[in-house]
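Colleague: I have a structure I would like to understand better, so I am pasting it below and will then ask my questions one at a time.
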Amino acid sequence: MFLEKLFRGALLSLALLAVRAQAQPAPATRAPVAASGATATLAARIDAFIAQPRFASARWGIDVINLADGKTLYDHDANKLFVPASNAKLYTTALALHLLGPEARFSTTLYATDRPDGHGLLRGDLILRGGGDPALGTDTGAADGLDWADALAARLAAAGVVRVKGDLIADDTMFRGPPFGTGWGAEDLFADYAPAVDALTTGEGTINVTVRRQGARCCTIDVQPDNAGVRVDNLSVNATPDDPSSLLLYRPLGHDTLYVSGSLPQDVRARSYTLAAPDPARMAGQQLIDALARTGIGFSGRLRVLRWPQTDAALDDPHTVRIATLQSPPLAQLVRHMLKYSDNLYAQTLLLQAGLMWQHSGQGSCGWVLHWTEQWGLCAMRTLLGQIGINREAVHFSEGSGLSRQDMVSPHATTTLLAWIAQQPWVTTLSDALPHAGKNGTLTWRLKNLPDGDSVQAKTGTLAHMYTLSGYLDAGDGKRLAFALMLNNYQRPIEPNGDWAPPFPTHDLDSIVRLIAARADAPASTGTAGRTSTSASCRWTNSPAACCTPRTSSSMTALCSSVRRTGTGAR
Numbered sequence: 048m049f050l051e052k053l054f055r056g057a058l059l060s061l062a063l064l065a066v067r068a069q070a071q072p073a074p075a076t077r078a079p080v081a082a083s084g085a086t087a088t089l090a091a092r093i094d095a096f097i098a099q100p101r102f103a104s105a106r107w108g109i110d111v112i113n114l115a116d117g118k119t120l121y122d123h124d125a126n127k128l129f130v131p132a133s134n135a136k137l138y139t140t141a142l143a144l145h146l147l148g149p150e151a152r153f154s155t156t157l158y159a160t161d162r163p164d165g166h167g168l169l170r171g172d173l174i175l176r177g178g179g180d181p182a183l184g185t186d187t188g189a190a191d192g193l194d195w196a197d198a199l200a201a202r203l204a205a206a207g208v209v210r211v212k213g214d215l216i217a218d219d220t221m222f223r224g225p226p227f228g229t230g231w232g233a234e235d236l237f238a239d240y241a242p243a244v245d246a247l248t249t250g251e252g253t254i255n256v257t258v259r260r261q262g263a264r265c266c267t268i269d270v271q272p273d274n275a276g277v278r279v280d281n282l283s284v285n286a287t288p289d290d291p292s293s294l295l296l297y298r299p300l301g302h303d304t305l306y307v308s309g310s311l312p313q314d315v316r317a318r319s320y321t322l323a324a325p326d327p328a329r330m331a332g333q334q335l336i337d338a339l340a341r342t343g344i345g346f347s348g349r350l351r352v353l354r355w356p357q358t359d360a361a362l363d364d365p366h367t368v369r370i371a372t373l374q375s376p377p378l379a380q381l382v383r384h385m386l387k388y389s390d391n392l393y394a395q396t397l398l399l400q401a402g403l404m405w406q407h408s409g410q411g412s413c414g415w416v417l418h419w420t421e422q423w424g425l426c427a428m429r430t431l432l433g434q435i436g437i438n439r440e441a442v443h444f445s446e447g448s449g450l451s452r453q454d455m456v457s458p459h460a461t462t463t464l465l466a467w468i469a470q471q472p473w474v475t476t477l478s479d480a481l482p483h484a485g486k487n488g489t490l491t492w493r494l495k496n497l498p499d500g501d502s503v504q505a506k507t508g509t510l511a512h513m514y515t516l517s518g519y520l521d522a523g524d525g526k527r528l529a530f531a532l533m534l535n536n537y538q539r540p541i542e543p544n545g546d547w548a549p550p551f552p553t554h555d556l557d558s559i560v561r562l563i564a565a566r567a568d569a570p571a572s573t574g575t576a577g578r579t580s581t582s583a584s585c586r587w588t589n590s591p592a593a594c595c596t597p598r599t600s601s602s603m604t605a606l607c608s609s610v611r612r613t614g615t616g617a618r
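Per this note's numbering, residue 48 is the first one in the sequence shown, and the count goes up by one each step.
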C-alpha cells in the first residue's frame, strides 16, 4: 500500500462497534538458546544496525527462528505490539485457506422472478446476486473474465428471453456491515487501494480517470468504464507560470460527482489515475444492462440496488428461476493475486467469506455480540490463533487487510503463525503466492543477488511511518527460517527540497534480511553464550565501514556499497 498516493476526501466520522476478544490459552514459550558463534555475530550486527541514531524515535520489532527446531536465532522486542500494515494479510490468508480450502469458489448468480411468455417477454425482475467474488470482471483467472456481463446476457437469451419489462436488481446484501474495513481512514476511501468491499463488485471496484490536454488548453476528462455512474464537474484551467501544476481530483464520500480542478503542467499532455468507484454494485448492474442491449435483449425497467440491511424476499420465492451462475477463480488463485500485489479488496473480502462460513458453522460467537460479517470473521480468526497457541494479548485485528492502524501484532506471534503454516497441507499454495524476492509481486525489485541457493518469500507492508516484512528465508545450506521484521513510528529523512532522502525504509528491512542470510559467513566468536553486545569494531552508529570488510559476504554487497557511498550508516 502506497499512502503517498492518497487523495484527501471529506472527513468521515462513524461509530463502529468495538470487538472484544476472549482470553485464550497462553502460547508455549521458546526456551532461550545458547548462541553459536554465527548466531552471536548475527545478533551483534543486527543490534548495531537498528541502533543507528536515525531510528532513535522509532521502534523495531524482530523475530527470526529456525523452522527445523523452532530455536530463536535473533529477537528484539519480539513480544511487543506493532502495527503490521499488510503483514496482516498473512493472518487473513491462513484463516481463509484453513476454513475454506484452496479450491473454494464464490458465485455470482443471475435470477429471474418469472419465466418468459411465449413471445420471450419477461414481466418479472432480474436479480444479479453478488456472492463476494472480488475478481469479477477482471483478468485474474475467471473463465469469463472481462466479458462476464455478456456471458450472463447470452445465457438469458438462451433461456428464451427477448425483452425484460421488469427491473434489474443489483443484490449487494450478502455481507452485513459497512462496505469498508473497520479503521480504514476517510482519506483512504477515495483511493484505488481502498475500494468499497461489496458482495457485488466488478473491475475490483475501481475506475480509470484520464486528464488530457486539448491542444494547448486544459483539459478533457475521460472516465472508464463509461458506465461507472460517475458524473464529472470539470473545473480545470490552463496552467500559469506562478501555478504550473495544481491538478486536483476530489470526490466527496458518498457522492458520485468527481470534481477536477487546477491544471496539468504545461509540458504534460495527459495523466491517468485509478480511483475507487463510487458504487461498485450499481456499476455491475449497469454493465449487465449494457450487455443485454449488445445481446439484443430489450430492457424497459430501471436499475435498483439492494444493500444491507435490506433483504430480497424474491430469492425465497418458488417462482424465482436461476438463469446462470459465474464462478470465481479458486481461492488459491485469489490468494496469489492478493499476496503478490497486496490487494486490500481481496483481503477484506476473504475475511468476510471466512466470517460467513464461521457464522453458519454453529461453532460459537467468541462470547461477542456480533452484527457484522467482519466481526464473525474476526471471531474465526481469534479462535484459530488460540488453537495455534497465539495469545490474545499478542494480536488484535479490526479488519483483514492491514489498512487499519487499529491492527496490532507481535513479531513473535507472526513467526509462530509462519511456523504453523509451514506444517499445513496448503503451505505450498501460500508460499508460492507470496512475493518472491527479486522475481515478482511487491518484491520484484528488492533483495536481488542473495547468496547462491538462498531465496526469500515474504509479505511486504507499508503505511505512513510503518514498514514491515515477514516470511520465509530458504538458505542454500538447507535451513528454512521464518522471520518478522517490523519498523514502526519511523520518520523518514527528507531532502531540503522536500523529497524523501535515502536510505529508504524498504532498504533497511532488506538490509536486515541480508544480515540474516549472511549468518553462515559470519566469523565465529568463542566462549560466548546467548546474545552478545555489539562489538566496538563493528558499529553502524559511528563506524559502519568496520562492518564491511574484505571478508564481507556476497549477500551484504549492496548494503556495504551503500555505506561506502555515503560514508556513514545513519542519517
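In this text, a Cβ means the ideal position worked out from N, Cα and C, and glycines have one as well.
This one's a predicted model, so the numbers in the text were calculated from it and none came from an experiment.
#1: Report the three-state DSSP secondary structure of Leu161 (helix, strand or coil).
#2: Determine the contact status of Ala564 and Leu497, defining contact as a CB-CB distance below 7 Å.
#3: Consult DSSP for Ala511 and reduce its assignment to one of helix, strand or coil.
#4: Taking 8 Å as the threshold, find out whether the region 245–253 comes into contact with the region 457–477 through three or more Cβ pairs.
#5: For Ala132, which option in Val315, Thr396, Arg260 and Ser517 has the closest C-alpha, if you only look at C-alpha atoms?
#6: What do you get for Val416, buried or exposed, if any count of 16 or more other CB atoms within 10 angstroms of its CB means buried?
#7: Relative to the C-alpha of Ser502, which residue among His512, Lys526 and Met513 is closest?
#8: Between Phe129 and Met385, how many whole angstroms is the CB-CB distance? I'm expecting something under 8 Å.
#9: Anyone know if the C-beta pair for Gly252 and Ala331 falls short of 7 Å?
#10: For Pro540 and Met513, I'd like the C-alpha separation in whole angstroms.
#11: In three-state DSSP terms, what is Thr396?
#12: Check whether the region 191–207 touches the region 225–240, taking contact to mean three or more Cβ pairs, one atom from each stretch, closer than 8 Å.
#13: Would you check if the distance between the CB atom of Gly179 and the CB atom of Phe153 is smaller than 7 Å?
#14: Since I believe Asp214 is in contact with Gly348 (beta carbons under 8 Å), could you give me their beta-carbon distance rounded to a whole number of angstroms?
#15: Could you compute how far the alpha carbon of Thr319 sits from the alpha carbon of Ala511?
#16: Taking the beta carbon of Trp467 as the centre, do at least 16 other beta carbons fall within 10 Å, making it buried, or is it exposed?
#17: Straight-line CA distance for Ser448 to Thr155?
#18: Short check: CB of Pro163 to CB of Ala243, under 7 Å?
#19: Nearest to Glu440 by alpha carbon, out of Gln261, His459 and Thr342?
#20: Can you give me the Cβ contacts of Val80 inside the same chain, cut-off strictly under 7 Å, excluding the 5 residues immediately before and after it?
#21: Leaving aside the five residues before and after Lys127 along the sequence, list all residues of the same chain whose C-beta is less than 7 Å from its C-beta, in chain order.
#22: Around the C-beta of Phe551, are 16 or more other C-beta atoms found within 10 angstroms, so that it is buried, or is it exposed?
#23: Taking DSSP as the reference, what is the three-state secondary structure of Pro597?
#24: What does DSSP give as the partner residue(s) for Thr321 in the beta ladder?
#25: Between Gln334 and Thr187, what straight-line distance do the alpha-carbon atoms span, to the nearest angstrom?
#26: Rounded to the nearest angstrom, how far is the Cβ of Thr489 from that of Pro482, given a contact under 8 Å?
#27: Could you tell me the distance, in whole angstroms, from the CA atom of Arg298 to the CA atom of Leu236?
#28: If Ala217 and Leu362 are in contact, beta carbons under 8 Å, what's the gap, nearest whole angstrom?
#29: Run through the DSSP bridge pairs and tell me what Val244 is partnered with.
#30: Identify, in the order they occur along the chain, each residue of the same chain with its Cβ nearer than 6 Å to the Cβ of Arg383, setting aside the five sequence neighbours on each side.
#31: Determine whether the beta carbon atoms of Leu175 and Lys506 lie at a separation below 7 Å.
#32: Which word fits Pro570, buried or exposed, when buried means at least 16 other C-beta atoms lie within 10 angstroms of its C-beta?
#33: Under a three-way DSSP split, which group does Gly309 fall into?
#34: Go through its chain and collect everything with a Cβ distance to His302's Cβ below 8 Å, but skip five positions before and after it.
#35: Going by C-alpha distance, which of Ser283, Val307 and Thr396 is nearest Val277?
#36: With contact counted as at least three CB pairs below 8 Å, one residue from each stretch, are the region 371–380 and the region 189–202 in contact?
Modeller: According to the data block:
#1: Before going on, a small fix: residue 161 reads as Asp here, not Leu. Asp161: coil per DSSP, three-state reduction.
#2: yes
#3: coil
#4: No, because fewer than three Cβ pairs between the region 245–253 and the region 457–477 fall closer than 8 Å, the two stretches do not touch.
#5: Ser517
#6: exposed
#7: Lys526
#8: Their Cβ separation, rounded to whole angstroms, is 21 Å, which puts Phe129 and Met385 out of contact at 8 Å.
#9: no
#10: 14 Å
#11: helix
#12: Touching, no, given that fewer than three Cβ pairs across the two stretches are closer than 8 Å.
#13: The answer is yes: Cβ separation under 7 Å.
#14: The C-beta separation of Gly348 from Asp214 comes to about 4 Å, placing the pair in contact by the 8 Å criterion.
#15: Before going further, note that residue 319 is Ser rather than Thr in the sequence given. Rounded to whole angstroms, Ser319 to Ala511 spans 24 Å at the Cα level.
#16: buried
#17: If you take the alpha carbons of Ser448 and Thr155, they lie about 23 Å apart.
#18: no
#19: His459
#20: Caution is warranted here: a pLDDT of 47 is assigned to Val80, below 50, making its placement in the model unreliable, and the coordinate value is therefore given only provisionally. Cβ within range, chain order: Lys118 and Thr119.
#21: Gly108 and Ser457
#22: exposed
#23: Note that Pro597 scores a pLDDT of 37, beneath 50, so its modelled location is shaky and nothing firm can be said.
#24: Asn255
#25: Spanning the two alpha carbons is a distance of roughly 19 Å.
#26: 5 Å
#27: For Arg298 and Leu236, the distance between alpha carbons rounds to 10 Å.
#28: Ala217 to Leu362, Cβ: 13 Å. No contact.
#29: DSSP, once it has assigned bridges, lists no residue as partnering Val244.
#30: Ala480
#31: Note that the C-beta distance between Leu175 and Lys506 is not below 7 Å.
#32: Residue placement at Pro570 is flagged as unreliable, the pLDDT there being 38, under the threshold of 50; the coordinate-derived value follows with that caveat. The residue is exposed, with fewer than 16 neighbouring Cβ atoms inside 10 Å.
#33: Gly309 falls in the strand class under three-state DSSP.
#34: The beta carbon of His302 sits closer than 8 Å to those of Pro325, all from its chain and outside the five residues before and after it, given in chain order.
#35: Val307
#36: As far as the Cβ criterion goes, the region 371–380 touches the region 189–202, which means the pair count is three or higher.
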